[in-house]
Every structure is written in C-alpha cells, then in structure tokens.
Amino acid sequence: MTKLHRRTFVLGGLATAGAVALSGRSAQAAAPFPFKLGVASGEPDSSSVVLWTRLAPTPTNADGQGGMANADVAVDWQVSTSDSFSSLVASGTVTAHYADAHSVHVVAGGLQPDAEYYYRFRAQGFLSPVGRTRTAPATGTFGTDLKMAFASCANYENGYYTAYRRMAEDRPDLILHLGDYIYEGGAGSGVRQHLGAEIVSLADYRRRYAQYKSDPDLQAAHAIAPWLVVPDDHEVENNYANMVRADNSPALTAAQFAARRTAAYKAYYENMPLRPAQAPSGNSIPLYRRVRWGQLATFHMLDTRQFRDDQANGDGWKVSTAADDVNRTLTGAAQEAWLLDGLGQHLGTWDILGQQVFFARQFDASGAANMDAWDGYRASRSRIQTGWVNRAVRNPLVLTGDVHASWANNLKQDYANSNSAVIGTELVCTSITSGGDGSAATAIPNAATNPHLKFYSNRRGYVLTTVGRTQVRADFRSVAKVTEHDAAVSTAKSFVILDGQPGLQAL
Ligand code: FE
Ligand code: CA
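Take the position in the sequence shown, starting the count at 1, then add 77; the result is the number in our numbering.
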C-alpha cells in the first residue's frame, strides 16, 4: 500500500468519525455525505492559498445542483500544519450559495512562506477529506527545489485517470493543468461514457464537472498539491477562437454561443481553485495572471482562446503565408504587452509560460502548419520570442498541452535557419487520457523539417519537473494503458535545462 493509498484510507476514516461525532444534530445527520467531489487548493502565494470544495451529495443530477436544496449552507474550514489537525493556523466559515452550485473559494491567509499545510471542510455535520497544500517562498528567497508536475487533456471517455493517480503518488509541490480538463461532447463509445448530450447550458457544464470530479484518481491529484489552471478549448467547445466556432454543431446563433461561453466560464470558475480575481463576468473570464514562486520561478499563465482575433483555427493544417498571419494575434495586444512587461521585470530565475497550444514550429514537409497553434500566428510568436530576447530574459521555458503526445523542443530565433540560436525551451505534456492508450511510437513526426524538435512519445501521462537554482529537470512520466485500471508509471525520457543556457540537455 503506498503512502497515498494509506492517506486516502485514513481520510475516509476521518470523514466517518466526523459524521458520528456530529450526529446529535438529527435533522442534519439525515443529510447524505456532501463532499463527493473532494477538495482542492490552488493559486499559492507566500502567505495564502485558495481552498476549494463544492457540496454535492448526488453529484450528477441533471439539474447541475448535485442534490442540494435551494438554500445557502455554512461551510467551516480549517488549516493546520499536521494532517491530524491537532492545532489550527487558520480557520473560518464561508457560505456555499445555491447560485454558485454550492462551490466555495476560501482565500486562507496569514500562512508562512514555503510551508506545507493540510486543510479540510465541515458542512451539514460531515467532515471533508483532507487536502495537502503549500505556500510559495517569500519574495527574494529561493526556498527548496520545486517539484512541479503539469498535465492536460483528460477526456473521461477515453480512459481511466491512472496518470492523475500516479502524479499524486509522486507528491509534487505544485500542479499545473494546461486545459481540456473536461470535454464537452455527448455520450460516446469509450471505456466509460459521458452523461447526457453535448453540454451547452450551465446545468450541463456543472453536471459534467461533477461527473469528472467524482473520479477518485482526479480527487487524489487535487488533494496532494495546489494547482494552477488555465482552460483550453474543450472547457467550452472544440477549437473555438474568441467568439468564432470551428464548426456549428450543435447549431447556435452568435447570442446562443455567447450564452454558452457564459455558462462554461461560470462552471469553470465554480469548479476550479481560482482566486476571486478570476471570477467571470458575463461571457468573459480574466484568466491570464502571474504567480510568483519566490526568486526561483515566475509562472506567466496565459489565455490563448479568448483574445484570438481571427478564424485560422477552423483551417486545420495548412500552408500559412506571412500575409495570412502578420496581423493575427493569439493573445490579444493587451495580454502580449502584459507578458512582455512581466518578462522584462526579471522576477525570478525561471520565467515559465503556462499555456495551451504548441509553441515551436512544427511544419510538415509541404510547409503546412497547425492553425490551432502558434504556427498559425507566427507574427505573434515572433513578437514574443523577440521580446524576450531583447529583454535579456535568462531562462524562458514554455509549457504546453493540447496535442495528446509528449514533445520536448528547442525554441529558435529563426526556425528557417538551422544555425540560428536556441533562445528558449518548450516542454509539451501528453494527455492524461485523451486519445486512449496511444502507441509505442517515438519517431519525431516531420523531423526532417523540424530539427529543433528533440523528443516525441505517444503514450499517456504527465511531466514531472524539478525546478532548482541551477537547472530544471523534466521527467516525461508515461503509463502504458489507460483503458485498463492501475497501469504502472515509468519515465520515458528525462532532460535538464541549465540556468543561463536555453535548450534541452538529454539525460
Ligand atoms: Fe485535448
Ligand atoms: Ca485542446
């Protein structure tokens, strides 16, 4: 039995003990256990972290309300330095509102920097499972080496969340999720099925999150560490760009798609451990943000969906011309300026871009490129790369999801010139499940036209990094199967990136 399994078992015992201890309140003792979606934390800074839960005794009810009555509920929360909660360092009570599907976002403050904590909730006479979280190092300090895992793309129908479970067992300090946390499609023919048709309404999105979050492996990954999340397309709809849809199925008017975005972003916020500053407003949600990890690293979390300004994403793979993309932007002008300003501040040793779509060039032999990636927005990519070169950014590191395969890439000042300098590094995580088991293929697609692409693997998994003062180590963690439970994890490949020396060093 691993440590994590034992912990989960202990936490189950705690919940039961809490229910018994509080069963004197007879009206509430009759209520069913409300913490079936687990707990989560996120957005750590050096003195606070967001604690999340959502009350849902029957999570997948079609109305999206999880079996909760139309009434607000008081939720107590506690933070301790030990998982026995023998003494508390912070505690309080918040209200879970029916209008927010009984989700809560507690900003637990007054914490010590670079420290580990445990947290739990209590509502309706029940104790929640216990989560582990931590704070960032203080400004100007490096803290201990940061063990950070990142992942994306977890289509529930394509497989079991073994990779989330293995990630939790690695006990990272921080987890980045780079999008496609849910998929919007209706019930299909995978190893397990989505409930209901393609999701469009707020009730639909809430129910879909509840189905995903009922998974114990996903709950384990949330309970082990704080997360930093950004959505990609499937949290709303496949390959959408700003208000433009890649296809019109189901048929929706512009106003109906705006309403769908409103529903999708509200449900995203409700179900993620985001700070109140990220709460949506109508059909937009303010997601791009910086999260500092002391002097060691700065996470620039990007939004490459809401501010795209053209329709290239509907083009699939095609040969893009300079005239096509010179005016395009993937980030919007304001986010681009914000990113370059932040990079120019040299806030920490590593400037880490947490973002969604493939960054390095990956043309095929005919020169065709993926229009739902930075290749479709070459001028936009060039402005950002040139921007960090001109600002003498020491260690730019781009983290990417979306493509359902692992890649490791050198970023080049001029991709058309093989002698051009390496000016950064990109690590692309594979999917948690999307695409199913994958294959044993490791030959780099289109290697001849892309000598800067150094690694490819078509298995499912995640990337485990160790961010230190002198290097970042990246271990590509891989599971052989997701269509069966409990596959083992192994490291398919490891690289290091040295401080002051952009690019991959193979181990
Ligand atoms: Fe995906
Ligand atoms: Ca995607």
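Just so it is clear, CB atoms sit at the ideal spot from N, CA and C, and this is done for glycine as well.
Nothing here was measured: the structure is a model prediction, and the numbers come from that model.
When you measure from the CB of residue i to every non-hydrogen atom of ligand 1, does any distance come out below 7 angstroms?
i      : result
Ser511 : yes
Ser497 : no
Ser508 : yes
His25  : Nothing about residue 25 can be read from this structure; the chain reaches only from 78 to 584.
His481 : yes
Going by beta-carbon coordinates alone, are residue i and residue j separated by less than 8 angstroms?
i      : j      : result
Leu255 : Gln432 : yes
Asp309 : Arg382 : yes
Ala374 : Trp415 : no
Thr210 : Pro121 : yes
Asp576 : Asn472 : yes
Phe436 : Ala485 : no
Gly421 : Trp370 : no
Asn348 : Tyr286 : yes
Ile362 : Glu413 : no
Ser457 : Leu379 : no
Gly265 : Ala274 : no
His135 : Leu272 : The identity of residue 135 in the sequence shown is Thr, whereas the question assumes His. No. Outside cutoff.
Phe376 : Arg367 : yes
Val127 : Trp154 : no
Ser511 : Asn316 : no
Gly580 : Asn487 : yes
Lys395 : Ala445 : yes
Phe227 : Tyr539 : yes
Ser508 : Arg554 : no
Asp149 : Ala173 : yes
Ser124 : Pro214 : no
Thr221 : Asp191 : yes
Arg283 : Val313 : no
Asp250 : Val207 : no
Val156 : Leu165 : yes
Tyr194 : Thr158 : yes
His179 : Gly143 : yes
Ala344 : Asp140 : no
Asn523 : Asp441 : yes
Pro357 : Tyr342 : yes
Throw me the rounded Cβ distance for the residue i and residue j pair, which I believe falls under 8 angstroms.
i      : j      : result
Cys230 : Asp247 : Going by Cβ atoms, the distance from Cys230 to Asp247 rounds to 19 angstroms, so no, they are not a contact pair.
Ala185 : Val556 : Actually they do not touch by this definition, with Cβ atoms about 33 angstroms apart.
Leu417 : Arg468 : 7 angstroms
Ile574 : Thr477 : 15 angstroms between Cβ atoms; not a contact.
Ile252 : Ala302 : 5 angstroms
Val549 : Leu474 : 7 angstroms
Leu114 : Ser278 : Wrong, their Cβ atoms sit about 19 angstroms apart, outside the cutoff.
Ala117 : His299 : 4 angstroms
Gly545 : Gln372 : With a Cβ gap of about 12 angstroms, Gly545 and Gln372 do not count as contacting.
Gly453 : Asp491 : Gly453 to Asp491, Cβ: 18 angstroms. No contact.
Ser483 : Ala564 : Wrong, their Cβ atoms sit about 16 angstroms apart, outside the cutoff.
Can you find a C-beta in chain D that's less than 8 angstroms from the C-beta of residue i?
i      : result
Gly464 : Judged by its chain identifiers, the structure shown contains no chain D, having just a single protein chain.
Q: May I have all residues whose beta carbon comes closer than 5 angstroms to any heavy atom of ligand 2, sorted in chain order?
A: With the cut-off at 5 angstroms, the residues found are Asp257, Asp309, Asp310 and Asp479.
Q. Mind pulling the alpha helix (DSSP H) runs of 4 or more residues that sit fully within the stretch 170 to 256?
A. Runs of the alpha helix (DSSP H) inside the stretch 170 to 256: 239 to 246.
**Q.** 3 or more residues per run - each beta strand (DSSP E) lying fully within the stretch 134 to 172
**A.** Secondary structure in the stretch 134 to 172: the beta strand (DSSP E) runs of 3 residues or longer, each lying completely within the stretch, are 150 to 157 in chain order.
Q: Enumerate, from N- to C-terminal direction, the unbroken beta strand (DSSP E) stretches of 3 or more residues contained entirely within the stretch 397 to 439.
A: 427 to 431, all fully within the stretch 397 to 439.
Q. Residue ranges of each beta strand (DSSP E) run of no fewer than 3 residues wholly in the stretch 352 to 401, ordered along the chain?
A. If only complete runs of 3 or more residues are kept, the stretch 352 to 401 shows the beta strand (DSSP E) at 366 to 370, 374 to 378 and 394 to 396, in order along the chain.
Q: Could you tell me which uninterrupted beta strand (DSSP E) segments, each at least 3 residues in length, are contained entirely in the stretch 521 to 557, listed from first to last along the chain?
A: Fully enclosed beta strand (DSSP E) runs of 3 or longer: 530 to 534, 537 to 544 and 548 to 556.
Q: List in chain order: all unbroken beta strand (DSSP E) runs of 3+ residues lying wholly within the stretch 435 to 479.
A: Within the stretch 435 to 479, the complete beta strand (DSSP E) segments at least 3 residues long are 445 to 447 and 473 to 477, listed from N- to C-terminus.
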